[in-house]
Amino acid sequence: MASSRGSGRSGLSPFATAASQAAPGLRLAPMLPLLLLLLPASGGSRAFPRGGAGPPVNSPPLSIMGLMPLTDNVAKGSIGRGVLPAVELAIQQIRNESLLYPYFLDLRLYDTECDNAKGLKAFYDAIKYGPNHLMVFGGVCPSVTSIIAESLKGWNLVQLSFAATTPVLADKKKYPYFFRTVPSDNAVNPAILKLLKYYQWKRVGTLTQDIQRFSEVRNDLTGVLYGEGIEISDTASFSNDPCNSVKKLKSNDVRIILGQFDQNMAAKVFCCAYHENMFGSKYQWIIPGWYEPSWWELAHSEGNPSPCLSKNLLAAMEGYIGVDFEPLSSKEIKTISGRTPQQYEKEYNDKRSDVGPSKFHGYAYDGIWVIAKTLQRAMEHLRTSNRHQRIQDFNYTDHKLGKIFLDAMNETNFFGVTGQVVFRNGERMGTIKFTQFQDSSEVKVGEYNAVADTLEIINDTIRFQGSEPPKDKTIIQEQLREISLPLYSILSALTILGMIMASAFLFFNIKNRNQKLIKMSSPYMNNLIILGGMLSYASIFLFGLDGSFVSEKTFETLCTVRTWILTVGYTTAFGAMFAKTWRVHAIFKNVKMKKKIIKDQKLLVIVGGMLLIDLCILICWQAVDPLRRTVEKYNMEPDPAGRDISIRPILEHCENSHMTIWLGIVYAYKGLLMLFGCFLAWETRNVSIPALNDSKYIGMSVYNVGIMCIIGAAVSFLTRDQPNVQFCIVALVIIFCSTITLCLVFVPKLITLRTNPDAATQNRRFQFTQNQKKEDSKTSTSVTSVNQASTSRLEGLQSENHRLRMKITELDKDLEEVTMQLQDTPEKTTYIKQNHYQELNDILNIRNFTESTDGEKAILKNHLDQNTQLQWNTTEPSRSSQDPREDINSPEHIQRRLSLQLPILHHAYLPSIGGVDASCASPCVSPTASPRHRHVQPPFRVMVSGL
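So the sequence shown is residues -47 to -1, 1 to 900, counted in mature numbering (1 follows the signal peptide of the UniProt record, and there is no 0).
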């Protein structure tokens, strides 16, 4: 048996559709007399007087025109035949109660056959050939009903339909005399609104078949939902293939779908939903509930093969909610007839015998009672108004009596078998039921009372696929990508160890600042390196604090603080290393200057200048465009716990409006400084001198800092969307650079002081061994590389230096032998050979030269005269002709040599045992001696003070 709603809509013929569309322009009332003349006198329709035990004797009838399809060959004929038993029950009960005494109700049926032409002919036959009908009862097919209802005003006839649900008839301007006991298709929309609010669904989508009936319901639904805080996020429609529309809904993340389509299209819709995976715990379908039982099986058998298997279709359909009017009230309350709905239903089933049931039989039953109550009120109105007019005197031109019927029907209010019967603007305020598809069957889960505007959900009947009702959209839970607490703890522990190490180095540097080894390496600059390292260490704690530890306002403050701390710390440490490297480069790469004094104060000025530039940049940055907390959102990810939510990762950044410009300025400044530092470190890579004992390690530190900063900045930029990786890289780069720098600067000093403490307080006596020669060779090689222009000169000086050192060694041995011989020779003489003066004077100068290479002031005395063959003018010719061996070995000459050598050698060795400085004037040279014989200052002198 076809459904009245489904077949009434989908079974419209082209003529019916055209007639219904042209209806607004028709004015049939003036044409009715002409149509009556054109109709055959015998009439084309049959009247079916109905009655149970027959009318009372001598009781005037109140005729009612019944219009409905009755023939077997019409799809909706079963509706008319199915409601007739209910109509007979109502008429019989009304007669038994003498509700209209002294009148009786006479229903005359006319078969419309759901055809516009035949329906109009039946209507006009009833008017021309039948009695004066007070009202029209019926109207099943929408096209026929709408055409007839539009002409009712011209005949002053009120029509009451029990099966016409089309929303078109709700237009009271066009159909002012039309009523219906069955709720219209639009009546489900307030119920849907109530259901959406009950489950707090505030975002829905609609899927509509391109048919006027469904389009009207959707348009009305849009008006109902407007202003109720429920968003229709997407509206999709289709004609034959719904798959594209289903895909569209899914792409817009529609979870609650309100469908309006017939049962044939419903099978296709759910098949597409199965392929798109739009079913289950995340989706809820709400569709019409007036489909026939097992409609999905009928859809397969009606020549509409589906690409889905039955089990797949049932899986997609599981849990859908159907919405339709309630055929009979579920309340066990006595109705106007004195029977409960359940008692009436039993009587109806007994009455209909082998006639198929109709879902509209309850509305037809209540409709007869509505007509009877309307006529009763009209009769009372006529009696109370003292109008000497009888109700049976009504004719089609009696406008006043027709208006009385209209007003009386609007006042209808009683409890019938379908619930409370009340009209609002001609529309029935009925009961809407909700059913849910569960395990291949529909189960009633709730109902909506339109009169009271209440929704009742039956306990424990509605079931959802998940543990809770589906969400109306993908719940996006923003999740902060935070620093892992174990990672932060590990790196913080490493940072604390680094700060403890830096503190130990600071204590070591301060405690031993007066030691020669520490003093020569500029302890103040070393303190700056330690301070910069500790500031860099401290910045790690701030980089690890994000929104999971601090508030948004605090995080924004940390953005500025950590930038300042890291920048100042980097400049302090790197600036100190840069300044020390620059000093080494300036000393050994600038040979044109005869004297260059570079004190620690000048290095401090260099570091202060760097810090001043940093402060200027940072202050301008903070004043013009300060750092703010910004949040970057990433693509959604599924919930790892399997919940019906999506995770949208967010990440906090410290940024501003012109971040690129400010970073460009900082990187350009730091980059140029780093490149220059690396250049200085490369230029001084071969310089290794005791006076500047950490220059090589400083250079290595500059390399490490430069390379690690470049690598760290690049990798940190590439991993900005991974906070754990970024923080780990930044922290490790800072820890590595700071630790390596501090270790390279201080560990060698610590080892030296621990293994050879005497080297810090005194200069040991020179021991010219093979290792010393090798060290001198390395030193000479390093110095040679300083200035290629003076290579030949320095090589000559080194060769001469080595030769004279060997000669001094030989003289030391001779001195010891002579000392032993002098124990038995008391004679002394004051005679001094002039050649010995020249020789000893050269020895003294050589001694001064050798002391300057390892001395505290690092004074290079280049005093050797180019003409080394000049002799004193006072020579004795008599002595020159003697044998040299005889002259040297004679006791006289030995005593004379000792008289000169002992004081000189004693004076030369005094610095080795804490005596006078070896740089003082030679005691063997008289202050009044000739300038030729005096100590000559070297033309090239470099002094390093403050080391």
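Cβ atoms here follow ideal geometry from the backbone N, Cα and C, with glycine treated the same way.
Exercise. By Cβ distance below 8 Å, which residues in the same chain neighbour Leu53 in space, the five residues on each side in sequence not counted?
Worked result: Leu15, Ile47, Ala325, Leu328, Gln329 and Met332
Exercise. In or out: Phe670 buried (at least 16 other Cβ within 10 Å) or exposed?
Worked result: exposed
Exercise. Taking the Cβ atom as the reference point for each residue, do Arg592 and Lys424 lie within a distance shorter than 7 Å?
Worked result: The sequence given here places Asp at residue 592; Arg does not occur at that position. For Asp592 and Lys424, no; Cβs fall outside 7 Å.
Problem set entry | Segment contact flag, the region 458 to 477 with the region 496 to 508, C-beta cutoff 8 Å, min 3 pairs | no
Problem set entry | Classification of Ala189 by the beta-carbon crowding that lies within 10 angstroms, buried from 16 upward | buried
Exercise. Just the Cα atoms here: how many angstroms apart are Gly145 and Tyr236?
Worked result: Per the sequence presented here, residue 145 reads as Ile, with Gly not at that position. Distance between the alpha carbons of Ile145 and Tyr236 is about 16 Å.
Problem set entry | Distance between Trp635 and Ile618 (C-alpha atoms, nearest Å) | 26 Å
Exercise. How is the beta strand (DSSP E) around Glu431 delimited, first residue to last?
Worked result: Ile428 to Leu433
Exercise. Counting pairs of beta carbons, one from the region 91 to 100 and one from the region 58 to 77, are three or more of them closer than 8 Å?
Worked result: yes
For this session: Measure the Cβ-Cβ separation of Gly630 and Phe531 and say whether it is below 7 Å.
Result: yes
Exercise. Per DSSP, Lys386 is paired with what?
Worked result: Asp277 and Glu400
Problem set entry | Exposure label - Phe632; buried when at least 16 CB within 10 Å | exposed
Problem set entry | DSSP-derived helix/strand/coil call for Tyr63 | strand
Problem set entry | Runs of alpha helix (DSSP H) lying entirely within the region 349 to 377, each at least 4 residues, in chain order | 352 to 363
For this session: Could you pull the start and end residues of the beta strand (DSSP E) that Asp567 belongs to?
Result: No beta strand (DSSP E) contains Asp567, which is instead part of the alpha helix (DSSP H) from Asp553 to Val577.
Problem set entry | C-alpha gap between Asn366 and Met382, whole angstroms | 10 Å
Exercise. Within 10 angstroms of its Cβ, does Asp64 collect 16 or more other Cβ (buried), or is it exposed?
Worked result: buried
Exercise. Hey, Met478 and Ala529 are a contact pair by Cβ (cut 8 Å); roughly how many whole angstroms apart?
Worked result: 5 Å
Exercise. Are the Cβ atoms of Val135 and Tyr316 separated by less than 7 Å?
Worked result: yes
For this session: Closer than 6 Å by C-beta to Asn378: which residues in its own chain qualify, once you throw out the five before and the five after it? Chain order, please.
Result: Lys125
Problem set entry | Buried versus exposed call for Arg707 [16 or more other C-beta atoms within 10 Å across all chains shown] | exposed
Problem set entry | C-beta contact flag for Leu149 and Ile183 at 7 Å | yes
For this session: Whole angstroms is fine: what's the gap from Asp674's alpha carbon to Pro260's?
Result: 45 Å
For this session: Just the C-alpha distance for Ser186 and Lys201, rounded to the nearest angstrom, thanks.
Result: 11 Å
For this session: In angstroms with no decimal places, state the Cα-to-Cα distance between Phe458 and Thr520.
Result: 22 Å
Exercise. Nearest to Gln391 by CA position, among Leu685, Ala268, Leu703 and His314, is which residue?
Worked result: Ala268
For this session: Answer yes if the region 611 to 625 comes into contact with the region 436 to 453, meaning at least three C-beta pairs across the two stretches below 8 Å, and no otherwise.
Result: no
Problem set entry | Collapsed DSSP secondary structure at Phe191 in the structure displayed | strand
Exercise. If we count the other Cβ atoms within 10 Å of its Cβ and call it buried at 16 or more, is Ala220 buried or exposed?
Worked result: buried
Exercise. Are there three or more Cβ pairs, one per stretch, closer than 8 Å when the region 511 to 525 is compared with the region 563 to 575?
Worked result: yes
Exercise. Between which two residues does the beta strand (DSSP E) harbouring Glu409 extend?
Worked result: Thr407 to Ile410
Exercise. How would you call Arg156, buried or exposed, if buried means at least 16 neighbouring beta carbons within 10 angstroms?
Worked result: buried
Problem set entry | Boundaries of the alpha helix (DSSP H) in which Leu706 is found, first to last residue | Pro676 to Thr708
Problem set entry | CB of Glu66 within 7 Å of CB of Thr24, strictly | yes
For this session: Using a threshold of 7 Å, state whether the C-beta atoms of Gly372 and Thr388 are closer than that.
Result: no
For this session: Would you list the residues sitting across from Gln391 in a DSSP beta bridge?
Result: Ser394
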